[in-house]
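Structure first, commentary second.
There are 2 protein chains.
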Amino acid sequence: MGKNSSEKGQVLRDDIGWEALAKYVKEKSPSKIFIITDENTNKLCLSIFLEKKKFEFSSETITIPVGEIYKNISTCFNVWETLSEKGADQKSLIINLGGGVVTDLGGFVASTFKRGIPFINIPTSLLAMVDASVGGKNGVDLGHIKNQIGVINLPELVVLDTAFLTTLPHEHVTSGLAEMLKHGLIHSQTYWERIKNVDFSDKVEFEKLIWDSVEIKKEIVAKDPFENNLRKTLNYGHTLGHAIESYFLENDDKPTLLHGEAVAIGMILATHISAEIVGFPQRTLNDVTETILNHFPKQTFSKNDIDTVIKLLVFDKKNRNGKVLFVLLEDIGHYKTDCEVDNSFIYKAFEYYKNF
Amino acid sequence: MGKNSSEKGQVLRDDIGWEALAKYVKEKSPSKIFIITDENTNKLCLSIFLEKKKFEFSSETITIPVGEIYKNISTCFNVWETLSEKGADQKSLIINLGGGVVTDLGGFVASTFKRGIPFINIPTSLLAMVDASVGGKNGVDLGHIKNQIGVINLPELVVLDTAFLTTLPHEHVTSGLAEMLKHGLIHSQTYWERIKNVDFSDKVEFEKLIWDSVEIKKEIVAKDPFENNLRKTLNYGHTLGHAIESYFLENDDKPTLLHGEAVAIGMILATHISAEIVGFPQRTLNDVTETILNHFPKQTFSKNDIDTVIKLLVFDKKNRNGKVLFVLLEDIGHYKTDCEVDNSFIYKAFEYYKNF
Chain R
1106 MGKNSSEKGQ VLRDDIGWEA LAKYVKEKSP SKIFIITDEN TNKLCLSIFL
1156 EKKKFEFSSE TITIPVGEIY KNISTCFNVW ETLSEKGADQ KSLIINLGGG
1206 VVTDLGGFVA STFKRGIPFI NIPTSLLAMV DASVGGKNGV DLGHIKNQIG
1256 VINLPELVVL DTAFLTTLPH EHVTSGLAEM LKHGLIHSQT YWERIKNVDF
1306 SDKVEFEKLI WDSVEIKKEI VAKDPFENNL RKTLNYGHTL GHAIESYFLE
1356 NDDKPTLLHG EAVAIGMILA THISAEIVGF PQRTLNDVTE TILNHFPKQT
1406 FSKNDIDTVI KLLVFDKKNR NGKVLFVLLE DIGHYKTDCE VDNSFIYKAF
1456 EYYKNF
Chain E
1106 MGKNSSEKGQ VLRDDIGWEA LAKYVKEKSP SKIFIITDEN TNKLCLSIFL
1156 EKKKFEFSSE TITIPVGEIY KNISTCFNVW ETLSEKGADQ KSLIINLGGG
1206 VVTDLGGFVA STFKRGIPFI NIPTSLLAMV DASVGGKNGV DLGHIKNQIG
1256 VINLPELVVL DTAFLTTLPH EHVTSGLAEM LKHGLIHSQT YWERIKNVDF
1306 SDKVEFEKLI WDSVEIKKEI VAKDPFENNL RKTLNYGHTL GHAIESYFLE
1356 NDDKPTLLHG EAVAIGMILA THISAEIVGF PQRTLNDVTE TILNHFPKQT
1406 FSKNDIDTVI KLLVFDKKNR NGKVLFVLLE DIGHYKTDCE VDNSFIYKAF
1456 EYYKNF
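Chains as they are written, first to last, in this note's numbering: chain R, 1106 to 1461; chain E, 1106 to 1461.
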C-alpha cells in the first residue's frame, strides 16, 4: 500500500476497519479473493461479513473443519491444493474469517503459498480478537505440540468487529476472557480490577475492555517485537497451559479443553509458583484463583496426569536448551522472565489448585 | 551475529567459508546442530564436510530420500517430527548439506520450525552452488507444481566449496551448467563467450566460472531483491522449463529430466520466441541452440505433449492474473520482462527445437 495508506498489521475496528478493508481492495485490485472459514464461521459469520463489507468483489470461500485438531499440516495441504486448483496467484488476497484456528492456519497458508501472498484477518472469536489478532504469529500444530510449525508474518490488516461475538456460545467468550485476565495480570492493576468484575451484559463496558486488551497486547508487541524479554510475559500461564491443553487433547478420558480454559488453569498454577519463588502476595494469589474459578470449570489431575504434563513441558517451544523456563510475577504488573522452576513447585501448585 | 561478523545470507568460499562457519558456531553456541543430507550426500559429502569443518561440535544427521519427487510437504513433515523428537529448539542450528532439494527443503523446514530457527547452506551440486545458494528462496513442490509452497528467508551463511563437485556424476554438472549459461544470456556477452567454450578439464578456469556465476546472481538479487523487474530475468527459460520438468516428472512414458536439462530446453524455446517477438538476432539464436544442444540431450515432444505443457504454464507461480508472462531477450544481456506470448509462438518454438 502507498505511503498514505495504513501500515501492515494494523488492527482497526468497526467502520474504520471495514473502510480500510474496502480501500485496500480498491487500491490493490487483487486478482482473486479467497475467504477462509471453518464450518461454524461459514454458517454464522459469512453472512455478517457480506453485510458489513464495503466493497464489491466476487470471492470464493474455502471451508476447513471445526476444531484445534484440524489445525495441522494436512489441513494446510488441502487449502494449498484448493488455492492451486482455483488459480490463486501472487496477486490474490486471502481473508481469514474465523477464530484462532482459522487465522493461525490461514495466515500460515498465505505466508507460504507461492512464497507468500497477502492476507487479512477478521477474527470472529473473543480469543482471536484479543490474542491472535496482534503480533503476526501464525502456524499449526505438529502432532500434540501446539504451534510447532509456523512463521511470523503480519497480515495486511486486521478488522475487529464485536458483531461476530453474538454468534459465539458462552464458553467461547470465557475462553477469550482468559487472555484478557492475563493482560491484567502481566500489565496493569487497573485493568485487572476492571476485567475481574466484568459484566457481560454491559455491552459498552465489555467492548471497551476488549479494545483495551488489544491495546495492551499491541503495546507489548511494539516494545519487544522479537520476544527478547517483555513479550515473553504474553506466555504467562501458557507454559503449563499448553502442556495441559495438549495432554487433554490426546487423552480420551479427558474432556477437550478450550485454549482459554487450559490457560486459566496454567495461570492459577503460575501464580502459585510466583508466590512460592518470587514473592507474589498470598492474598492476591487467592483473589486471582477465585476470580479465575468463577469463570472456568475446575479440572481434576491424578498424579499420573501431572507427571505426563511435566514431560510434555520440555517440548514447549518457549524452552531453551531443554530447560523449562517460566514467566513469573512478583505482583500484578511486575514480571520476571526466564525463571527456572524445579518440578517440586509444579507439583505443589497442582496441590494448591486441587484444594482451593 | 554481531556487527563485526558477516551479514545474513553471505556466500563465502573455501577456507573463508569454513572459517566463517566455525566462527558462527563459536559465537552462537547452538543448543544442538542438525545436518540435513539426502542418501547420496550422506554417503558422499558428509565425510568431506567433517574433514573440512573447522569447529568441534557434535551433531545429528537427518537424511531424506534422493530426488525431486521427495521435495514435498510429506518429507518436511518427517523432518519436522524428527527435529521435535530429537529436542531441537529455537537455539538449534540446521546445516543443509546437499543439492537444491536439500537446501530448498531444509531451508523451508528451518524457516517454519518453531516459527523459524537459524540455518546454514552448504550446496554440494553445481546447480545448488550457482543458483539455490543466493537469494533466500526456499520451499517444496505441491503435487506437480514446483516450489508452490515456501518462504523467502536468508540462511545465516552459505559455504561454497568445489571439493563437493568431485562427487557428482557428469550429467549433474551439466545440469548446473544450464543456469551458468543462463547467467551469460541474461547478463553479459563476455561471460556467455567464456561459459560457451567451457572446458571441464580446466579446473582453475571452471572454478572461476562458478564464482563469477555466483557473483552475477548476487548482483541481480542485490539490485532487485523483491523481484520487481531485473530479478525476473533469472526466470529466463524457466517458464517453459518448469512446465516441461513437471510434465516429464508426472508422465511415466517420459524420462525424468534434471532441472537444468529442462531449463536448457526452456532457454532454446525462449530464445526462439525472443527472436520472433523482440528481435533477438537470428544468428545468435542458432549459436545459443547449438551451444545448449552440445551439452544437453534433445527430447521429443508430440503435439499432445506440447498442449499439456502449455496447460501447465498457467499454474506457474510467476504468472499474474492468469496471463502467462515471459522474460525475453532483445540480445544477449538485454532483457524485456512481463512479455505476453501468444500460444502460437510457443508451438513455433517447439517446431524450431525439433528441426534444429
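All C-beta atoms, glycine included, are put in the ideal place defined by N, C-alpha and C.
Per-residue DSSP class, three states only, for V1239 of chain E: In the three-state reduction of the DSSP assignment, V1239 of chain E falls in the coil class, being assigned neither a helical nor a strand state.
Could you give the DSSP three-state label for Y1341 of chain E: helix, strand or coil? coil
Which of the three DSSP states, helix, strand or coil, is assigned to D1307 of chain R? coil
D1246 of chain R beta carbon less than 9 Å from that of V1207 of chain R: no
Ignoring anything shorter than 3 residues or poking outside the segment 1149-1233 of chain R, list the beta strand (DSSP E) runs there in chain order. 1164-1169, 1198-1203, 1224-1228
Any idea what DSSP makes of K1422 of chain E, helix, strand or coil? At K1422 of chain E, the pLDDT of 48 sits below 50, so the modelled position is not reliable and the matter cannot be decided from this model.
Out of E:I1199, E:F1450, E:L1398, E:K1219, which has the shortest C-alpha to C-alpha gap to H1415 of chain E? A small fix is needed here, since residue 1415 of chain E is Ile in this sequence, not His. Nearest of E:I1199, E:F1450, E:L1398, E:K1219 to I1415 of chain E, Cα basis: E:F1450.
Got a sec? Which residues, its chain only, sit under 6 Å from T1394 of chain R by beta carbon, not counting five neighbours each side? I1373, F1461
Could you work out which residues of chain E lie near I1415 of chain R, taking near to mean beta carbons separated by less than 9 Å? Near I1415 of chain R there are no residues of chain E at all, since even the closest Cβ is about 16 Å away, more than 9 Å.
Rounded to the nearest angstrom, what separates S1351 of chain R and A1127 of chain E at their Cα positions? 39 Å
Give me the Cα-Cα distance between G1192 of chain E and H1377 of chain R, rounded to the nearest whole angstrom. The C-alpha of G1192 of chain E lies about 28 Å from the C-alpha of H1377 of chain R.
Which partner residues of H1439 of chain E appear in the DSSP bridge assignment? E:D1436
Using beta carbons (cut-off 9 Å, strictly below), is F1162 of chain R in contact with chain E? no
Check L1453 of chain E in the structure and name its three-state DSSP category. It should be pointed out that residue 1453 of chain E corresponds to Lys in this sequence rather than to Leu. Here K1453 of chain E sits in helix by DSSP.
Tell whether a beta-carbon distance below 9 Å holds between I1227 of chain R and F1139 of chain R. For I1227 of chain R and F1139 of chain R, no; Cβs fall outside 9 Å.
The beta strand (DSSP E) with L1398 of chain E in it runs from where to where? Here L1398 of chain E belongs to no beta strand (DSSP E); instead the alpha helix (DSSP H) covers 1387-1400.
Would you report the Cα separation of Q1404 of chain E and G1122 of chain R, rounded to the nearest angstrom? 55 Å
Please report the straight-line C-alpha distance between T1187 of chain E and I1167 of chain E, rounded to a whole angstrom. 8 Å
Measuring CB to CB, does V1429 of chain R end up less than 9 Å from V1446 of chain R? yes
Contact residues within the segment 1205-1224 of chain E, judged by C-beta distance below 7 Å to chain R: S1216, T1217, F1218, K1219, R1220, G1221
Q1115 of chain R lies in the beta strand (DSSP E); which residues open and close that run? 1115-1118
Just mark P1223 of chain E as buried or exposed, buried being the case when its beta carbon has 16 or more other beta carbons within 10 Å. buried
Using the DSSP secondary-structure output, state which residues sit across from I1140 of chain R in a beta bridge. R:T1166, R:I1200
Evaluate D1120 of chain R with the Cβ neighbour count: other Cβ atoms within 10 Å of its Cβ, from every protein chain shown; 16 or more gives buried, anything less gives exposed. So D1120 of chain R ends up on the exposed side.
When the Cα atoms are used, what is the spatial distance from H1347 of chain E to K1251 of chain E? 7 Å
From what residue to what residue does the alpha helix (DSSP H) around Q1294 of chain R run? 1294-1301
Pull up the distance between the alpha-carbon of D1194 of chain R and that of L1273 of chain E, whole angstroms please. 36 Å
What residues in the segment 1243-1265 of chain E have a beta carbon less than 9 Å from any beta carbon of chain R? Using a CB distance below 9 Å, the part of the segment 1243-1265 of chain E facing chain R consists of N1243, G1244, L1247, G1248, I1250, N1252, Q1253, I1254, G1255, V1256, I1257, N1258, ordered along the chain.
Measure how close the beta-carbons of L1265 of chain R and R1118 of chain R come, nearest whole angstrom, since I'm counting them as under 8 Å. 4 Å
Does any C-beta atom of chain R lie closer than 9 Å to the C-beta of S1110 of chain E? Here the model assigns S1110 of chain E a pLDDT of 43, short of 50, so the residue's position is not dependable and the matter cannot be decided.
If you measure between the beta carbons of S1230 of chain E and G1438 of chain E, is that distance less than 9 Å? no
Where does the unbroken beta strand (DSSP E) through L1265 of chain E begin, and where does it stop? Segment 1262-1265, the beta strand (DSSP E) holding L1265 of chain E.
For the alpha helix (DSSP H) holding I1378 of chain R, just list the boundary residues, first then last. 1364-1382
Buried or exposed for F1154 of chain R, please, with buried defined as at least 16 other CB atoms from any protein chain shown within 10 angstroms of its CB. Result: buried.
Reduced DSSP secondary structure (H/G/I, E/B, other) of D1246 of chain E: strand
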